[in-house]
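Comments concern the structure below.
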Amino acid sequence: MQTVAKLIDTSLCIGCKACEVACQEWNDQEFTLGTFGGTYQTMPQLEHNFWNLIKFNEFETDGQMSWLMMKYQCMHCQDAGCMKACPSPGAIVRLPNGTVDFNHDNCIGCGYCITGCPFDVPRLSPETKKVYKCTLCSDRTAVGLEPACIKTCPTNCLTFGTRTDLLRKAEDRAHELQADGLQHAGVYNPAGVGGTNVIYVLKDASAPESYGLPRDPTIPWTVSLWKGPVKVLGSMVFLGGILGTFFHYIRYGPKKEEEHADED
Amino acid sequence: MKIDRFNVRERFVHWLVAISFVYAALSGLAMWSRHLFWIAGVLGGGETVRALHPWGGTIFALVLGVMFSRWASQMKLDAADREWLAKSGRYMVNDEKGMPESGKFNGGQKMLFWVEAAFALLLFLSGAILWFPEITPRVLRLGAVLVHPLAAIGSIGGIIVHIYMSLFAVPGSLKAMTEGYVSARWAKAHHPKWFRQRTKNENESAR
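As given, the protein sequences belong to chains A and B, one line each in that order. As numbered in numbering that gives the first Met the number 0, residues 0 to 263 make up the first sequence, in order. As numbered in numbering that gives the first Met the number 0, residues 0 to 206 make up the second sequence, in order.
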């Protein structure tokens with residue numbers, strides 16, 4: 000099965016937030032009023048019941064205020080930090096179409112995925128004590144429908160398709176924008192996490208931070224150490240300890256009391 | 000002849016530490032590797048383990064604190080202990096000729112006490128950070144995911160040796176922690192300095 004992806008062309012986003020509403024509607028999420036930060040942004044961060052956020056990053060050039068509007072959600076990394084960190088078999092799964100999905104029957108709520116994620120996406124629900132994020136509408140894509148956010152987008156800023164197609168389309172669009180004078184326009188598909196199934200065309204790809212995107216996201220090195228060499232070390236200590244003490248007994252046996260008593 | 004070694008209060012505290020440690024270790028191992036997740040099934044399922052492991056750890060830290068405050072003064076390493084540790088290779092191969100005589104605790108036991116206490120402190124601090132991932136700062140969690148398993152590996156490794164010593168390597172030790180006493184022979188063989196102190200002043204008020 001081909002890997003599917005979502006393309007977000009930030010140059011076409013008008014900040015209408017229809018995708019936010021569609022996401023809430025399709026996923027049957029109750030809207031809980033969060034913090035109002037004095038901006039157009041619905042809330043400062045993603046929430047356990049709010050998986051799709053348009054970030055309104057304000058910036059100023061020559062005294063003119065403008066926005067870098069950008070849809071923020073799970074990036075569906077090819078090399079997913081959440082999956083690496085998760086201890087519960089089957090709680091985070093990669094679907095045949097490449098989507099990273101959470102299976103809440105198996106989620107134990109440890110929150111390791113929150114630490115493993117380089118994009119700060121998963122959120123723990125205080126009610127269910129389980130972790131939630133964008134599913135790429137796996138219940139829609141499974142039956143051949145596009146995700147709700149994409150279905151509702153009025154400007155064609157969002158496109159759904161196979162990853163291969165969308166990567167080509169993203170490059171084309173970036174070249175188009177460059178030809179239009181946005182010389183730093185480019186594609187955001189970070190290699191540090193093996194590429195993402197959510198691909199951005201940024202008007203200024205030289206500064207992804209200004210959109211709130213990490214420049215070179217990777218699975219945190221402490222998480223990689225924890226789930227790699229530290230595990231090997233642990234197995235060696237546990238097995239070595241048990242086998243070592245056993246064979247120590249076979250070789251040297253118990254300590255005798257008599258020998259010492261004789262010394263006096 | 001029997002010689003009192005641990006009074007009933009010490010034994011209670013020790014076994015509370017031991018039980019809470021074993022629970023914390025097993026429930027922790029369940030969340031440590033997917034290959035060990037079956038332990039979660041034995042302990043009531045993954046959600047139960049996730050909910051109770053931090054409480055098990057908290058109880059462990061509390062009772063360990065009691066044990067620590069009771070024993071810390073007896074665990075100070077003196078010159079003889081340091082010499083003992085330098086020659087501990089001989090102890091391991093049961094060739095103890097020329098090793099300094101041990102008091103109530105030998106150098107190895109004292110080191111285990113301090114090392115396990117240090118690991119427990121690290122486990123408690125990093126565990127508190129991992130307990131509430133939704134509110135603790137990310138940079139602290141990124142450190143805690145390394146500190147917590149490393150301290151756990153160290154402390155479990157130490158306890159494997161501790162259990163081996165008490166059950167198999169030094170026969171007669173277990174009684175000290177179950178019924179509270181050891182034989183005079185045992186005391187003379189393994190802790191001669193302590194044996195002499197105990198037999199010199201025969202008041203058996205456990206201390």
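Note that the Cβ used here is the ideal one computed from N, Cα and C, for glycine as well.
Simplified DSSP state of residue i, which is helix, strand or coil
{"i": "P99/B", "result": "coil"}
{"i": "T161/A", "result": "strand"}
{"i": "R5/B", "result": "The sequence given here has Phe at residue 5/B, not Arg. Residue state, collapsed to three classes: coil."}
{"i": "E262/A", "result": "Unreliable positioning characterises E262/A in this predicted model, as indicated by a pLDDT of 45, which lies under 50. The coordinate reading is nonetheless provided below. E262/A: helix per DSSP, three-state reduction."}
{"i": "G194/A", "result": "coil"}
{"i": "T116/A", "result": "Reading off the sequence, residue 116/A comes out as Cys, not Thr. DSSP places C116/A in coil when its eight states are reduced to three."}
{"i": "D203/A", "result": "coil"}
{"i": "C76/A", "result": "strand"}
{"i": "T60/A", "result": "strand"}
{"i": "E178/B", "result": "coil"}
{"i": "R206/B", "result": "Because R206/B carries a pLDDT of 47, less than 50, the predicted location of this residue cannot be relied on, and no value is offered for it."}
{"i": "H13/B", "result": "helix"}
{"i": "R214/A", "result": "coil"}
{"i": "Y251/A", "result": "helix"}
Proximal residues to residue i (C-beta, below 6 Å), its chain only, five neighbours per side dropped
{"i": "F194/B", "result": "A186, K187"}
{"i": "Y39/A", "result": "F55"}
{"i": "M74/A", "result": "F118, T195, V197"}
{"i": "G33/A", "result": "M42"}
{"i": "A24/B", "result": "I155"}
{"i": "C116/A", "result": "G80, C81"}
{"i": "A169/A", "result": "L6, V186, I198, V200"}
{"i": "K1/B", "result": "Y180"}
C-beta contact flag for residue i and residue j at 8 Å
{"i": "V92/A", "j": "C76/A", "result": "no"}
{"i": "S154/B", "j": "G171/B", "result": "no"}
{"i": "G191/A", "j": "T221/A", "result": "no"}
{"i": "A206/A", "j": "V186/A", "result": "no"}
{"i": "L6/A", "j": "V120/A", "result": "no"}
{"i": "I107/A", "j": "V48/B", "result": "yes"}
{"i": "L124/B", "j": "A151/B", "result": "no"}
{"i": "K202/A", "j": "L176/A", "result": "yes"}
{"i": "I38/B", "j": "A29/B", "result": "yes"}
{"i": "A84/A", "j": "F101/A", "result": "no"}
{"i": "W225/A", "j": "P53/B", "result": "no"}
{"i": "W273/A", "j": "C136/A", "result": "The requested residue 273/A does not occur in the structure, where chain A is confined to residues 0 to 263."}
{"i": "S19/B", "j": "F67/B", "result": "no"}
Residue i classed as buried or exposed, judged by whether at least 16 other C-beta atoms fall within 10 angstroms
{"i": "A85/B", "result": "exposed"}
{"i": "F246/A", "result": "exposed"}
{"i": "Y111/A", "result": "buried"}
{"i": "T134/A", "result": "buried"}
{"i": "N196/A", "result": "buried"}
{"i": "T140/A", "result": "buried"}
{"i": "K75/B", "result": "exposed"}
{"i": "M69/A", "result": "buried"}
{"i": "K199/B", "result": "exposed"}
{"i": "L238/A", "result": "exposed"}
{"i": "T127/A", "result": "exposed"}
{"i": "E145/A", "result": "buried"}
{"i": "H183/A", "result": "exposed"}
{"i": "D263/A", "result": "Because D263/A carries a pLDDT of 43, less than 50, the predicted location of this residue cannot be relied on, and no value is offered for it."}
{"i": "I149/A", "result": "buried"}
Closest by C-alpha distance to residue i, when choosing among the options
{"i": "S87/A", "options": "F5/B, G43/B, W31/B", "result": "W31/B"}
{"i": "I241/A", "options": "T198/B, K174/B, G157/B, A175/B", "result": "G157/B"}
{"i": "L111/B", "options": "L139/B, W70/B, A143/B, W14/B", "result": "W70/B"}
{"i": "L67/A", "options": "Q44/A, F58/A, M74/A", "result": "F58/A"}
{"i": "S234/A", "options": "H13/B, A17/B, L35/B", "result": "L35/B"}
{"i": "E115/B", "options": "N6/B, I2/B, A17/B, V7/B", "result": "A17/B"}
{"i": "G55/B", "options": "V21/B, L121/B, T135/B", "result": "V21/B"}
{"i": "Y163/B", "options": "G243/A, Q182/A, V231/A", "result": "G243/A"}
{"i": "E100/B", "options": "A117/B, W113/B, A78/B", "result": "A78/B"}
{"i": "S253/A", "options": "G45/B, A168/B, G97/B, K199/B", "result": "Reading the sequence as shown, one finds Pro at residue 253/A and not Ser. Closest by alpha carbon: A168/B."}
{"i": "V3/A", "options": "V200/A, S10/A, F159/A", "result": "F159/A"}
{"i": "H13/B", "options": "E178/B, K1/B, P191/B", "result": "E178/B"}
{"i": "V146/B", "options": "A119/B, H52/B, L166/B, R184/B", "result": "A119/B"}
{"i": "P95/A", "options": "D171/A, T114/A, T161/A", "result": "T161/A"}
{"i": "M98/B", "options": "P191/B, R137/B, F67/B, A143/B", "result": "P191/B"}
{"i": "D8/A", "options": "Y71/A, V231/A, M82/A, G37/A", "result": "Y71/A"}
{"i": "R197/B", "options": "K103/B, L15/B, V62/B, S72/B", "result": "K103/B"}
{"i": "S223/A", "options": "N105/A, P213/A, C81/A", "result": "C81/A"}
{"i": "H189/B", "options": "C12/A, E257/A, C109/A", "result": "E257/A"}
Same chain, Cβ closer than 7 Å to residue i, neighbours up to 5 away in sequence not counted
{"i": "R140/B", "result": "I128, L129, P132"}
{"i": "A17/A", "result": "T151, C152, P153"}
{"i": "A205/B", "result": "At A205/B the pLDDT is 48, less than 50, meaning the model places this residue with poor confidence; the figure from the coordinates comes in the next sentence. D3, N6."}
{"i": "E29/A", "result": "N48"}
Beta-carbon contacts of residue i that lie in its chain and below 8 Å, excluding the five residues immediately before and after
{"i": "A260/A", "result": "Its pLDDT being 47, under 50, A260/A is placed unreliably by the model, and nothing is read from it."}
{"i": "S124/A", "result": "H47, N48, V130, Y131"}
{"i": "S87/B", "result": "G106, G107"}
{"i": "S26/B", "result": "I38, A39, L42, V48, L51, H52, G55"}
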